[in-house]
Amino acid sequence: MTTAKQTAANQKNAHKSLGPVTPQGKVKASGNAMKHGVLSARLLLDDENPEDFQLLLDGLQASLRPNGSLELTLVERIAVSIWRQQRLVRAETAGIELSRRLEAKGNRRQIESAMGMVYPKQIEDGDLEPPSDDDGLDAEYFEYCQTLVEEYHNLDRTSLEGNDIARLEQVASTMHAALREEAASAHVTVAQYVQTLKRGLLGWVNKTVDSCCSEMAHMRRRATIVEVADFVRSRQSAPIGQELLCKYQTALDNEMYRAMRALREAQEWRLKTLDDGTVAAA
Numbered sequence: 001m002t003t004a005k006q007t008a009a010n011q012k013n014a015h016k017s018l019g020p021v022t023p024q025g026k027v028k029a030s031g032n033a034m035k036h037g038v039l040s041a042r043l044l045l046d047d048e049n050p051e052d053f054q055l056l057l058d059g060l061q062a063s064l065r066p067n068g069s070l071e072l073t074l075v076e077r078i079a080v081s082i083w084r085q086q087r088l089v090r091a092e093t094a095g096i097e098l099s100r101r102l103e104a105k106g107n108r109r110q111i112e113s114a115m116g117m118v119y120p121k122q123i124e125d126g127d128l129e130p131p132s133d134d135d136g137l138d139a140e141y142f143e144y145c146q147t148l149v150e151e152y153h154n155l156d157r158t159s160l161e162g163n164d165i166a167r168l169e170q171v172a173s174t175m176h177a178a179l180r181e182e183a184a185s186a187h188v189t190v191a192q193y194v195q196t197l198k199r200g201l202l203g204w205v206n207k208t209v210d211s212c213c214s215e216m217a218h219m220r221r222r223a224t225i226v227e228v229a230d231f232v233r234s235r236q237s238a239p240i241g242q243e244l245l246c247k248y249q250t251a252l253d254n255e256m257y258r259a260m261r262a263l264r265e266a267q268e269w270r271l272k273t274l275d276d277g278t279v280a281a282a
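Residue 235 in UniProt numbering sits at position 235 of the sequence shown, and the numbers go up by one each step.
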């Protein structure tokens, strides 16, 4: 029988707060899982968002419908396992990306070894830069240089030493056009421009062809480096420490399955207890 004192206490307790009512209060209370129970041992890293974990936990609670402290704790354990698995995937991806970076000395050495490069002709930073939007222009310039080199073989030293511009135009039209453009930039005729050159037409032709050969060699070298670098990057696409990652993944899976099995058993026990109580009451 309830006494007058108990009745008064019950009435007093009924007016006490049963939890947050305002939206702000509910949001604040939703973070309690981050401070108590299984999660009190600092689950999150500094760069991980507590709201993301709370969303995961809320989703699991909505789908698994835990009832009571035990079931809530088991759902938290499931959430922790899933969270750590997501972290493992991020760590694996980050490890692969780091191992694939061509800035790494090990990867550079692999490329240099594959290409037979030795000091001082080693890889430069510019060799590893991604292709630019000017690749089409580079291809055109390479073809242009090839044409100049081919025309060079049609020239004879005697005509060049004699500054024979007519002969140059006849057998090396592309090279003559380049000479004409330089003369136009200097606002003089081709003949006048050739007279200003230190070594005359021969010196200009040799310098122009040497420059083209150097540029072509650089472009060939860079193309080969890019090709070899792709092979190195592909080789490094397998996760580092695959065996260790697999073991950790298996441990996380087992932890999650144990928590799920324990939750299922707890819920079955609760429902069975309710059924037994209903039968007894009837």
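Glycine is no exception: its CB is placed at the ideal position from the N, C-alpha and C atoms.
Asked: Answer yes if the stretch 46 to 61 comes into contact with the stretch 203 to 215, meaning at least three C-beta pairs across the two stretches below 8 Å, and no otherwise.; Found: no
Asked: So what's K198 in DSSP terms, helix, strand or just coil?; Found: coil
Asked: P66 lies in the alpha helix (DSSP H); which residues open and close that run?; Found: P66 -> no alpha helix (DSSP H), and no H or E assigned at all.
Asked: Give the DSSP-derived three-state secondary structure of V149 in the structure shown.; Found: helix
Asked: When you compare the stretch 135 to 150 with the stretch 186 to 193, are there three or more beta-carbon pairs, one atom per stretch, that lie closer than 8 Å?; Found: no
Asked: Taking one C-beta from the stretch 167 to 174 and one from the stretch 222 to 233 each time, how about it: are there three or more such pairs within less than 8 Å?; Found: no
Asked: If you draw a straight line from the C-alpha of Q116 to the C-alpha of E140, how long is it?; Found: Per the sequence presented here, residue 116 reads as Gly, with Gln not at that position. Taking the straight line joining both Cα atoms gives about 29 Å.
Asked: Quick check: the Cα distance between G95 and G68, rounded to an integer number of angstroms?; Found: 41 Å
Asked: Report back the beta-carbon spacing between L160 and L197 to the nearest angstrom; my notes put them in contact at under 8 Å.; Found: No, L160 and L197 are not in contact; Cβ-Cβ is about 11 Å, not under 8 Å.
Asked: Between which two residues does the alpha helix (DSSP H) containing H176 stretch?; Found: S173 to S185
Asked: Would the beta-carbon of A259 fall within 8 Å of that of L74?; Found: yes
Asked: Please identify the residue among D52, H218 and R264 whose C-alpha is closest to the C-alpha of D138.; Found: H218
Asked: DSSP three-state label for residue 283, please.; Found: No information on residue 283 is available, as it lies outside the stretch 1 to 282 that the chain covers here.
Asked: How many whole angstroms separate the CB atoms of V232 and I111, which I take to be in contact at a CB cut-off of 8 Å?; Found: 6 Å
Asked: At the level of alpha carbons, what is the spacing between M216 and F142?; Found: 6 Å
Asked: Express the C-alpha separation of S185 and L168 in angstroms, rounding to a whole number.; Found: 19 Å
Asked: How far does the alpha helix (DSSP H) with R157 in it extend, from its first residue to its last?; Found: R157 to E161
Asked: Taking only three categories from DSSP, how would you classify G106?; Found: helix
Asked: A71 and L263 look like a contact to me (Cβ under 8 Å); what is the Cβ gap, rounded to whole Å?; Found: Ala is not the amino acid found at residue 71; the sequence shown has Glu there. The pair is a contact, with the Cβ atoms about 6 Å apart (cut-off 8 Å).
Asked: Just how far apart, CA to CA, sit E51 and Q86?; Found: 15 Å
Asked: Is it buried or exposed for A79, if we count other Cβ within 10 angstroms and need 16 for buried?; Found: buried
Asked: When you compare each of R221, Y193, E92 and L88 to D253 by their alpha carbons, which one comes out closest?; Found: L88
Asked: Verify the contact flag: K198, CB atom, against every heavy atom of the ligand MG, threshold strictly below 7 Å.; Found: Only the bare structure without any ligand can be found here, which leaves the ligand MG out of the picture.
Asked: Mark Y257 as exposed unless 16 or more other C-beta atoms lie within 10 angstroms of its C-beta, in which case mark it buried.; Found: exposed
Asked: How about V205 and Y152: do their beta carbons lie closer than 8 Å?; Found: yes
Asked: Express the C-alpha separation of L44 and L274 in angstroms, rounding to a whole number.; Found: 37 Å
Asked: Taking all protein chains shown into account, do 16 or more other C-beta atoms lie within 10 angstroms of the C-beta of K272, making it buried, or fewer, making it exposed?; Found: exposed
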